[in-house]
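In this note's numbering, the protein residues as written are 355 to 484.
Think of the CB as a built atom: it goes at the ideal place given N, C-alpha and C, for glycine as much as any other residue.
To start, the structure itself, in structure tokens.
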């Protein structure tokens with residue numbers, strides 16, 4: 355079944371978005387996670403532990419390096435949504451259309467005795483996954 359393979363880009367996007375959204379909260383507000391990330395990646399001087407008593411203080415400290423990352427990611431997602439909306443307005447679906455066309459041709463080649471247009475139209479309207 356090609357449905358699983360053909361949906362890998364969609365499933366990868368869902369997975370990465372889910373993981374990113376879950377991980378971003380402790381990266382900003384959890385003292386242990388923020389300290390680990392700072393020691394591993396950022397390498398800034400850590401504030402005195404008395405300055406990291408609650409998640410507000412941790413967020414204030416970690417935001418100095420998380421804000422550019424999260425801000426850029428948010429802008430990229432916003433731009434991607436705008437691009438996708440305009441593509442939908444224009445009827446463009448490059449990946450999905452290519453997959454549907456490939457599947458329609460394969461189905462027609464499998465059943466050449468039937469009307470090509472009907473078989474290909476049927477294939478295009480079927481879901482990619484079960």
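Query raised in the report: Looking at the unbroken alpha helix (DSSP H) that takes in residue 473, where does it start and where does it end?
Result: One-based indexing of the chain shown puts residue 473 at position 119. Per DSSP, residue 473 belongs to the alpha helix (DSSP H) from 470 to 479.
Query raised in the report: Does the Cβ-Cβ distance between residue 383 and residue 413 come in under 7 Å?
Result: Position 29 of the chain shown, counting from 1, holds the residue named residue 383. Position 59 of the chain shown, counting from 1, holds the residue named residue 413. Yes. Within cutoff.
**Report entry** Coarse secondary structure for residue 401, derived from DSSP in three states
**Finding:** Locating residue 401 in the chain shown gives position 47, counting from the first residue. In the three-state reduction of the DSSP assignment, residue 401 falls in the coil class.
Query raised in the report: If we call anything under 7 Å between Cβ atoms a contact, is residue 385 one with residue 406?
Result: To locate residue 385, count along the chain shown from 1; it is residue 31. To locate residue 406, count along the chain shown from 1; it is residue 52. In this structure, residue 406 lies closer than 7 Å to residue 385 by Cβ.
Report task. Name the residue from 449, 434, 373, 431 whose alpha carbon lies nearest to the alpha carbon of residue 363. Result -> Numbered from its first residue, the chain shown carries residue 363 at position 9. Closest option to residue 363, Cα to Cα, is 449.
Query - residue 333 (DSSP reduced to helix, strand or coil) - result: Residue 333 lies beyond the stretch modelled for the chain, which goes from 355 to 484, so this question has no answer here.
Query raised in the report: Does the segment 438 to 449 come close enough to the segment 414 to 426 to have 3 or more Cβ pairs within less than 8 Å?
Result: In short, these stretches do not touch, since the Cβ pair count stays below three.
**Report entry** With 16 other Cβ atoms within 10 Å as the buried cut-off, status of residue 433
**Finding:** As a first step, residue 433 must be located in the chain shown, where it is residue number 79. Looking at its Cβ environment, which holds fewer than 16 other Cβ atoms inside 10 Å, residue 433 is exposed.
Query raised in the report: Alpha carbon to alpha carbon, what distance is there between residue 396 and residue 390?
Result: Taking the first residue of the chain shown as position 1, residue 390 is located at position 36. Taking the first residue of the chain shown as position 1, residue 396 is located at position 42. Taking C-alpha positions only, residue 390 is separated from residue 396 by approximately 9 Å.
**Report entry** Whole-angstrom C-beta distance between residue 483 and residue 361, which should lie under 8 Å
**Finding:** Numbered from its first residue, the chain shown carries residue 361 at position 7. Numbered from its first residue, the chain shown carries residue 483 at position 129. Separation of the CB atoms of residue 361 and residue 483 is rounded to 6 Å, and the pair is thereby assigned contact status at 8 Å.
Query - Nearest residue (CA-CA) to residue 424, options 459, 371, 463, 469 - result: Looking up residue 424 in the chain shown gives position 70. Of 459, 371, 463, 469, the residue nearest in Cα terms is 371.
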